[in-house]
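Below: the structure, in structure tokens.
Number of protein chains: 2
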Amino acid sequence: MRHTATIQALQKLLQDRLTTQPEILTAHSKDLSWHPSHLPDAVCYPISNQEIAAIVAICNANQTPLIPYGTGTSLEGHILPVLGGITLNLSKMNHILGFNEIDRDCTVQAGVTKFQLNKFLQDKGLFFAAGPGIDASIGGMMATGASGANAVMYGTVKDNVRGLKVVTADGKIISTRKRVQKSSAGYDLTQLFVGSEGTLGIITEVTVVLHPLPKFVAIAVVSFTSIEEAIEAAIQLNQSDLPLAMLELMDEAIINAINQYAQTDYPVQPTLFLELHSQKENLQVFYETIQRIVQQHQSTQMRWATETAAKEELFKARYDAIYAVKALDPEAVVWATDVTVPISRLAEIILKTKKALVELPLFGSLFGHVGDGNFHTILLCNFEDAQAMKRVKDLNHQMVLWALEMEGTCTGEHGIGYGKKEYLQMEFGESGIEIMNKIKKALDPNGIMNPKKIF
Amino acid sequence: MRHTATIQALQKLLQDRLTTQPEILTAHSKDLSWHPSHLPDAVCYPISNQEIAAIVAICNANQTPLIPYGTGTSLEGHILPVLGGITLNLSKMNHILGFNEIDRDCTVQAGVTKFQLNKFLQDKGLFFAAGPGIDASIGGMMATGASGANAVMYGTVKDNVRGLKVVTADGKIISTRKRVQKSSAGYDLTQLFVGSEGTLGIITEVTVVLHPLPKFVAIAVVSFTSIEEAIEAAIQLNQSDLPLAMLELMDEAIINAINQYAQTDYPVQPTLFLELHSQKENLQVFYETIQRIVQQHQSTQMRWATETAAKEELFKARYDAIYAVKALDPEAVVWATDVTVPISRLAEIILKTKKALVELPLFGSLFGHVGDGNFHTILLCNFEDAQAMKRVKDLNHQMVLWALEMEGTCTGEHGIGYGKKEYLQMEFGESGIEIMNKIKKALDPNGIMNPKKIF
Chain A
1 MRHTATIQAL
11 QKLLQDRLTT
21 QPEILTAHSK
31 DLSWHPSHLP
41 DAVCYPISNQ
51 EIAAIVAICN
61 ANQTPLIPYG
71 TGTSLEGHIL
81 PVLGGITLNL
91 SKMNHILGFN
101 EIDRDCTVQA
111 GVTKFQLNKF
121 LQDKGLFFAA
131 GPGIDASIGG
141 MMATGASGAN
151 AVMYGTVKDN
161 VRGLKVVTAD
171 GKIISTRKRV
181 QKSSAGYDLT
191 QLFVGSEGTL
201 GIITEVTVVL
211 HPLPKFVAIA
221 VVSFTSIEEA
231 IEAAIQLNQS
241 DLPLAMLELM
251 DEAIINAINQ
261 YAQTDYPVQP
271 TLFLELHSQK
281 ENLQVFYETI
291 QRIVQQHQST
301 QMRWATETAA
311 KEELFKARYD
321 AIYAVKALDP
331 EAVVWATDVT
341 VPISRLAEII
351 LKTKKALVEL
361 PLFGSLFGHV
371 GDGNFHTILL
381 CNFEDAQAMK
391 RVKDLNHQMV
401 LWALEMEGTC
411 TGEHGIGYGK
421 KEYLQMEFGE
431 SGIEIMNKIK
441 KALDPNGIMN
451 PKKIF
Chain B
1 MRHTATIQAL
11 QKLLQDRLTT
21 QPEILTAHSK
31 DLSWHPSHLP
41 DAVCYPISNQ
51 EIAAIVAICN
61 ANQTPLIPYG
71 TGTSLEGHIL
81 PVLGGITLNL
91 SKMNHILGFN
101 EIDRDCTVQA
111 GVTKFQLNKF
121 LQDKGLFFAA
131 GPGIDASIGG
141 MMATGASGAN
151 AVMYGTVKDN
161 VRGLKVVTAD
171 GKIISTRKRV
181 QKSSAGYDLT
191 QLFVGSEGTL
201 GIITEVTVVL
211 HPLPKFVAIA
221 VVSFTSIEEA
231 IEAAIQLNQS
241 DLPLAMLELM
251 DEAIINAINQ
261 YAQTDYPVQP
271 TLFLELHSQK
281 ENLQVFYETI
291 QRIVQQHQST
301 QMRWATETAA
311 KEELFKARYD
321 AIYAVKALDP
331 EAVVWATDVT
341 VPISRLAEII
351 LKTKKALVEL
361 PLFGSLFGHV
371 GDGNFHTILL
381 CNFEDAQAMK
391 RVKDLNHQMV
401 LWALEMEGTC
411 TGEHGIGYGK
421 KEYLQMEFGE
431 SGIEIMNKIK
441 KALDPNGIMN
451 PKKIF
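Residue numbers (my numbering), protein chains in the order written: chain A, 1 to 455; chain B, 1 to 455.
See below:
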């Protein structure tokens, strides 16, 4: 067994909240990505900041890798223990510590999930709007720098955090900022730790920003004859005064999968899903604005819902998308990737990508949070087909190159993790990476914090 | 002469764009704050990123301090050459490098000022909304982590930046992020350099976010019988659905100064200044909402303007405030300070501060960007009156302590600079400061970048 001294010391500290049971190790060896699994040597379930500080100190003294783990839903291998070590499962750190109605913020332990938080908030007229559609942990979202479909109105997790508590690599507990709307006091440690993917410290508490629940919500699903027209319509919708809380593009491949999976009858065409949030009863005006814009772009159908049941039916399709694709071939491995470009280049990169996708000898689809220039491809892969896999990897590579040429980024919301390290190098160049590396070495000189990620 | 080798090498590089003329050195020895002046040994006027990289390399090789300088409008001594050295005046770096209408962004050299940028944008339907009311440089605002009165709607400079070009302390030019709306690629170097006050590198280019110009604007000026009622009304206004682009509180001391300075006739009472920005013609509805709320809080008068001339007249008072206070005693030194607390604690700290202000043996006033929990005091001081100055310093100290006790920050938008270093220590504690120090040492091992600031 590796790291015996560490595990013995941790066992003394945590007792039965440390395990080396094979099935538990296996459950922590993989995320939602296509990256191959790696086993940790032990999994810990801490219950307090002090305990995490003690764990970090033990790992640091023994130079044992430490990998923070929320819900295991990362998409680029962030939580894989590629060098073994200790996985720090934060699921027992799931308490809501403070709620401030007037200040519209809430302080939670890192293991609190998005759905858990919003359930807590449901009778308070407020909600946490950022992050992905799945039930990830708040700490994990922050560590990833996640975003999600509502970012077009409410921003990414970076825009929805007041401050963090972090256990640093030398085992100290720090607060990155006070519970205020703005501050210009010192370096912005909050935003340094957000998106640092566990490589600089362990995020243990998060103070998030809350938004008022919208009083009026409407959903529109609009079909188009071509992806060009759908994107042009999306850009125009985005620059109108509509209160867009979501503006998603799905290609006909995903729509077809949804129709099969959910017995829906959407036209098998490029489709925009819109969600509008308003505090005022003026949805009819919005309906007319949307209709006017989409008709200029040869829309073929527009479905509209303002009643809860009808909205849910329309949106089920949106949330089912990933399961619908997966259901096409339950044996296949899902390969999801994302890039972001300036909105003005979005049509160009999506068209190039779409052309490449249809030439692949496997299922390839794309969908996008087109309101902010971010889009994803979802492929169904068979890793045993080496020739096809080479083409998948080439496409992934090509998409990033296109994005970088267009002043875009290699990842808009999935992060670098284990899978996009070479692209970070391309994006920032040697000098930019050197600055990041200097910060990493300064804050984690022994390299114990989630090693082999980002760099 | 100090730093002779540096100055000789820089002279060779810059020729007549380096000066040691006493009057120029004096002009760079002071900002807008009360802090005593310090002369630089030379002032440089670089014209390109490459030139700045060469200057940094020379200063680094000779361990000569380097102080970036925008418009000299900092409020905590940020640009004071407290150890001498070279002041880098960025006023010749004043070109607009790129404008993207669809992406709503603009890339500018650091020396471009806010007014210059907005003049460039005036026929394009877009504007740069963040930052203070004075004509500071974009680079300086970013370095300070500035904010300003419109932050309540448009956010601070932190929220209005896509990416930076920075010359690091080892003389390399890096881009902190691509020109995208969101990215989760690597550490957030953008937000690390924003607010770093020139202590980690020189910001040379900024890609800023632009907002559509509002189609309809209205101004309201509302007087109240007490500061408590004004604050309660402000909190309620802020939590309504009003499109507030500004929500400012001024106490009766400032109103009195304005009346004298600008021959206005505002009731000498605590007063709220509101600015509403809307894309739709529904100002009458907003008027009624404001009136309903302020009447619940014993407002005594409400002036309202939607026509340009009338708006300008009302707002002249707002922008004249600092000059009006200064005019009360042209010999006095203005002492301005700011803190931010959670909105829920704002009334409490403002009342405590107000009570302390009226007991001072000198002019003391307060005003606040109350929409985000931030407020300022403005005092008129005579540094020769040692007893009075002790009381001013005690009040400044006490305000910060109150803010910190209330989960607030020692500065919301002025920054730490030279004046608030001890409070940064209090706010972050030893462990937090240690993390910042590690970053500073990693990125600027020779300590040449704006030394003695922040820490």
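Glycine included, each C-beta is placed from N, C-alpha and C at the ideal position.
Keep in mind the model is a prediction, meaning the values are calculated, not measured.
Practice task
Return no unless some Cβ of chain B is closer than 8 Å to the Cβ of GLY408 of chain A.
Solution key: Position 408 of the first sequence holds residue 408 of chain A. Yes - at least one Cβ of chain B is within 8 Å of the one on GLY408 of chain A.
Practice task
Kindly confirm or deny that the stretch 152-159 of chain B and the stretch 103-119 of chain A touch, where touching means at least three C-beta pairs closer than 8 Å.
Solution key: The stretch 152-159 of chain B is not in contact with the stretch 103-119 of chain A.
Problem - Proximity test, Cβ basis, 8 Å: ASN396 of chain B and chain A - result: On the second sequence, position 396 is the one that residue 396 of chain B refers to. Not flagged as an interface residue toward chain A: ASN396 of chain B, since no C-beta distance is shorter than 8 Å.
Practice task
Measure from the alpha carbon of LEU366 of chain A to the alpha carbon of each residue in A:VAL325, A:PHE273 and A:MET250, then state which is nearest.
Solution key: Start at 1 with the first residue of the first sequence, and residue 366 of chain A comes out as number 366. When only C-alpha atoms are compared, the closest one is A:MET250.
Exercise for the section: Have a look at ASN282 of chain B and LEU242 of chain A and give me their C-alpha separation to the nearest angstrom. Expected result: Taking the second sequence and counting its residues from 1, the one referred to as residue 282 of chain B is at position 282. Taking the first sequence and counting its residues from 1, the one referred to as residue 242 of chain A is at position 242. The alpha-carbon of ASN282 of chain B is positioned some 15 Å away from that of LEU242 of chain A.
Problem - ARG179 of chain A: contacting residues in chain B (beta-carbon distance under 7 Å) - result: To locate residue 179 of chain A, count along the first sequence from 1; it is residue 179. Here the neighbours are PRO342 and GLU407.
Exercise for the section: Assuming CYS44 of chain B contacts ARG17 of chain B (C-beta within less than 8 Å), just tell me the rounded distance between them. Expected result: Position 44 of the second sequence, counted from the start, is the residue given in the question as residue 44 of chain B. Position 17 of the second sequence, counted from the start, is the residue given in the question as residue 17 of chain B. Contact holds; Cβ gap of about 6 Å.
Handout entry: Residues of the stretch 123-147 of chain B whose Cβ lies closer than 8 Å to any Cβ of chain A, in chain order
Key = Per Cβ criterion, the list reads THR144, GLY145, ALA146 and SER147.
Problem - Min CB distance GLU228 of chain B to chain A below 8 Å - result: Residue 228 of chain B sits at position 228 when you count from the first residue of the second sequence. For GLU228 of chain B, the closest Cβ of chain A is not nearer than 8 Å.
Handout entry: Residue environment, GLU229 of chain B, which counts as buried when at least 16 other CB atoms sit within 10 Å
Key = As a working note, residue 229 of chain B is residue 229 in the second sequence. With 16 or more other Cβ atoms from the protein chains shown falling within 10 Å of its own Cβ, GLU229 of chain B counts as buried.
Problem - Environment of LEU385 of chain A [buried if 16+ CB atoms lie within 10 Å] - result: The residue labelled residue 385 of chain A in the question sits at position 385 within the first sequence. In the sequence under discussion, the amino acid at residue 385 of chain A is Asp, which differs from the Leu named in the question. Around the C-beta of ASP385 of chain A, fewer than 16 other C-beta atoms lie within 10 Å, and the residue is accordingly described as exposed.
Problem - Beta carbon proximity, LEU412 of chain A to chain B, threshold 8 Å - result: Against the first sequence, residue 412 of chain A aligns to sequence position 412. Before going further, note that residue 412 of chain A is Gly rather than Leu in the sequence given. Yes, GLY412 of chain A counts as interfacial toward chain B.
Handout entry: Cβ pair ALA336 of chain B, ILE290 of chain B closer than 8 Å
Key = Translated into positions along the second sequence, residue 336 of chain B becomes position 336. Translated into positions along the second sequence, residue 290 of chain B becomes position 290. Taking 8 Å as the Cβ cut-off, ALA336 of chain B and ILE290 of chain B do not qualify as a contacting pair.
Practice task
Report back the beta-carbon spacing between ASN49 of chain B and VAL167 of chain B to the nearest angstrom; my notes put them in contact at under 8 Å.
Solution key: Counting from one through the second sequence, the residue named residue 49 of chain B turns up at place 49. Counting from one through the second sequence, the residue named residue 167 of chain B turns up at place 167. Indeed, because the Cβ distance is near 6 Å, the residues count as touching under 8 Å.
Practice task
Please classify PRO68 of chain A: does DSSP put it in a helix, a strand, or coil?
Solution key: As a first step, residue 68 of chain A must be located in the first sequence, where it is residue number 68. The answer is strand: DSSP assigns PRO68 of chain A an E or B state.
Practice task
Enumerate in chain order the residues of its own chain whose CB-to-CB distance from GLU407 of chain A is below 8 Å, with the five nearest sequence positions on each side excluded.
Solution key: Here the question's residue 407 of chain A lines up with position 407 in the first sequence. Same-chain partners within the cutoff: VAL341, PRO342 and ARG345.
Practice task
State the Cα-Cα distance for the pair GLU248 of chain A and ILE102 of chain A, rounded to the nearest angstrom.
Solution key: Within the first sequence, numbered from 1, the residue matching residue 248 of chain A stands at position 248. Within the first sequence, numbered from 1, the residue matching residue 102 of chain A stands at position 102. Distance between the alpha carbons of GLU248 of chain A and ILE102 of chain A is about 32 Å.
Practice task
Please compile the residues from chain A whose C-beta is within a distance smaller than 8 Å of the C-beta of LYS354 of chain B.
Solution key: Locating residue 354 of chain B in the second sequence gives position 354, where the first residue counts as 1. Neighbours of LYS354 of chain B on chain A: none; closest Cβ ~20 Å, over 8 Å.
Problem - Any chain A beta carbon closer than 8 Å to LYS280 of chain B - result: As a first step, residue 280 of chain B must be located in the second sequence, where it is residue number 280. Closer than 8 Å to some Cβ of chain A, the Cβ of LYS280 of chain B qualifies, so yes.
Problem - Own chain, CB closer than 7 Å to ASP105 of chain A, minus 5 neighbours either side, in chain order - result: Translated into the one-based positions of the first sequence, residue 105 of chain A becomes position 105. For ASP105 of chain A, same chain residues with a beta-carbon under 7 Å away, outside a window of 5 residues either side, are ARG162, ARG179, THR207, VAL208, VAL209 and LEU210 in chain order.
Exercise for the section: State the Cα-Cα distance for the pair LYS215 of chain A and SER223 of chain B, rounded to the nearest angstrom. Expected result: Translated into positions along the first sequence, residue 215 of chain A becomes position 215. Translated into positions along the second sequence, residue 223 of chain B becomes position 223. Those two C-alpha atoms are separated by around 32 Å.
Exercise for the section: Determine the contact status of SER147 of chain B and GLY412 of chain B, defining contact as a CB-CB distance below 8 Å. Expected result: In the second sequence, residue 147 of chain B corresponds to position 147, counting from 1. In the second sequence, residue 412 of chain B corresponds to position 412, counting from 1. Contact flag set, yes.
Handout entry: Validate contact between the stretch 188-208 of chain A and the stretch 176-192 of chain B using beta carbons, cut 8 Å, 3 pairs
Key = Per the Cβ contact rule, the stretch 188-208 of chain A is in contact with the stretch 176-192 of chain B (3 or more Cβ pairs under 8 Å).
Handout entry: C-beta atoms of ALA110 of chain A and THR204 of chain A nearer than 8 Å
Key = Within the first sequence, numbered from 1, the residue matching residue 110 of chain A stands at position 110. Within the first sequence, numbered from 1, the residue matching residue 204 of chain A stands at position 204. In contact: ALA110 of chain A and THR204 of chain A (Cβ atoms closer than 8 Å).
Practice task
Flag THR337 of chain A as yes if its beta-carbon sits less than 8 Å from any beta-carbon of chain B, otherwise no.
Solution key: Residue 337 of chain A sits at position 337 when you count from the first residue of the first sequence. Answer no: the Cβ-Cβ gap between THR337 of chain A and chain B never drops below 8 Å.
Exercise for the section: Can you tell me which of B:LYS311, B:GLY85 and B:TYR261 puts its alpha carbon nearest to the alpha carbon of ALA324 of chain B? Expected result: In the second sequence, counting from the first residue as 1, residue 324 of chain B sits at position 324. Residue nearest to ALA324 of chain B within the set B:LYS311, B:GLY85 and B:TYR261 is B:TYR261 (criterion: CA-CA distance).
Handout entry: Nearest-angstrom Cα separation, counted from PRO212 of chain A out to PHE120 of chain A
Key = To locate residue 120 of chain A, count along the first sequence from 1; it is residue 120. To locate residue 212 of chain A, count along the first sequence from 1; it is residue 212. Looking at the two C-alpha atoms, the distance is approximately 14 Å.
Practice task
Look up ARG2 of chain A in the DSSP assignment and say whether it is helix, strand or coil.
Solution key: Translated into the one-based positions of the first sequence, residue 2 of chain A becomes position 2. It is coil, neither helix nor strand.
Exercise for the section: Would you check if the distance between the CB atom of ILE96 of chain B and the CB atom of ASP41 of chain B is smaller than 8 Å? Expected result: If you number the second sequence from 1, residue 96 of chain B lands on position 96. If you number the second sequence from 1, residue 41 of chain B lands on position 41. Remark: C-beta atoms of ILE96 of chain B and ASP41 of chain B do not approach each other more closely than 8 Å.
Practice task
Could you please give the first and the last residue of the uninterrupted alpha helix (DSSP H) stretch that includes ASP394 of chain A?
Solution key: To locate residue 394 of chain A, count along the first sequence from 1; it is residue 394. Boundaries of the alpha helix (DSSP H) harbouring ASP394 of chain A: 386-405, taken from the DSSP string.
Practice task
Scan the stretch 175-233 of chain B and note each continuous beta strand (DSSP E) run of 3 residues or more that stays entirely inside, going in chain order.
Solution key: Within the stretch 175-233 of chain B, the complete beta strand (DSSP E) runs of at least 3 residues are 201-209 and 216-224.
Practice task
Can you tell me which of the three DSSP states VAL166 of chain A falls into?
Solution key: By one-based count along the first sequence, residue 166 of chain A stands at place 166. In the structure shown, VAL166 of chain A sits in a strand (DSSP, three-state: E or B).
Practice task
Answer yes or no: does any C-beta atom of chain A fall closer than 8 Å to that of ALA442 of chain B?
Solution key: As a position in the second sequence, residue 442 of chain B is number 442, starting the count at 1. Cβ-Cβ to chain A under 8 Å: yes for ALA442 of chain B.
Exercise for the section: Using a Cβ cut-off of 8 Å (strictly closer), state whether LYS172 of chain A contacts chain B. Expected result: On the first sequence, position 172 is the one that residue 172 of chain A refers to. So yes, LYS172 of chain A belongs to the interface.
Exercise for the section: Give a yes or no on whether the minimum CB-CB distance between ILE350 of chain B and chain A is below 8 Å. Expected result: On the second sequence, residue 350 of chain B is found 350 positions in, with the first residue counted as 1. So, not an interface residue.
Practice task
List the endpoints of the continuous alpha helix (DSSP H) containing VAL325 of chain B.
Solution key: In the second sequence, residue 325 of chain B corresponds to position 325, counting from 1. Per DSSP, VAL325 of chain B is one residue of the alpha helix (DSSP H) stretching across 308-328.
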